[in-house]
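K.L.:
Going left to right, the sequence shown walks through residues 1 to 183 as UniProt numbering numbers them. Quick one: this structure, given as structure tokens, is what I'll be asking you about.
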Amino acid sequence: MKNILAGPRVTLAVPQPEDFDEISDWYTAGEFLRNLDTAPARPLSGEELEQTYRNIDRNTEFYFHVRSQEDDRLLGFITLYNIEWSNQIAQLAIAIGDPSDRGQGYGTEALNLILNYGFNELNLYKVCLDVIATNHSAIAVYQNSGFEFEGTNKLAVKRDGERYDLYSMGLFAEDFQPRIKLD
């Protein structure tokens, strides 16, 4: 039986307690935080991050750590959350932590793995996400994976005294075409 959580280069894995200290280091980088979320940037300790993970609603959120197949190194995290089972819809969030790991295809592979999991294992109909208009690299990855723009929350995000749009994007199960080889 195939491992639906493993691709050619990354695995979607169970979070390990020691991972959260590394993720905490990512939370000290302003660029990481400001692209991840619209909330104010705030560093979090490994303990706080682990506690947040322990408190997620396991009925409506599927949270994984993205690990390298080559050396089992932590690359990031990805989650399907706010799942509305009656509507078969979920929100998606993804982050690749170390800047040197971005632009290497890890995010695209992890995204395709979680979409395959969501559509074919969880039987979701649609996956949605929000992305800040200035996060051009993430937008390109989402579009390359089949997401389409569905709306704009005009000037919804304020950064450094400037206002930016927040895009809503979505992908339907019937439109999902994996961009990686899924075994």
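We treat Cβ as the ideally placed atom computed from N, Cα and C, and that holds for glycine. Quantities reported herein were computed from a predicted structural model and do not represent experimental measurements.
#1: Exposed or buried, what is H136 when buried is set at 16 or more other beta-carbons lying within 10 Å of its beta-carbon?
#2: If you draw a straight line from the alpha carbon of R73 to that of R67, how long is it in whole angstroms?
#3: On the CB-based measure, 16 or more other CB atoms within 10 Å of its CB, does V14 come out buried or exposed?
#4: Mapping the DSSP letters down to three states, classify F176 as helix, strand or coil.
#5: Tell me whether the region 79-88 and the region 54-66 touch, counting them as touching only if at least three CB pairs, one residue from each stretch, are closer than 8 Å.
#6: On a Cα-Cα basis, can you pick out the residue from F119, L75, L80 and L111 that is closest to S100?
#7: What does the alpha-carbon distance come out to for the pair L49 and T11?
#8: If we count the other Cβ atoms within 10 Å of its Cβ and call it buried at 16 or more, is A138 buried or exposed?
#9: Counting only runs of 4+ residues fully inside the region 12-60, write out the alpha helix (DSSP H) ranges in chain order.
P.N.:
In terms of the structure at hand:
#1: exposed
#2: 5 Å
#3: exposed
#4: coil
#5: yes
#6: L75
#7: 21 Å
#8: buried
#9: 19-26, 30-36 and 46-54
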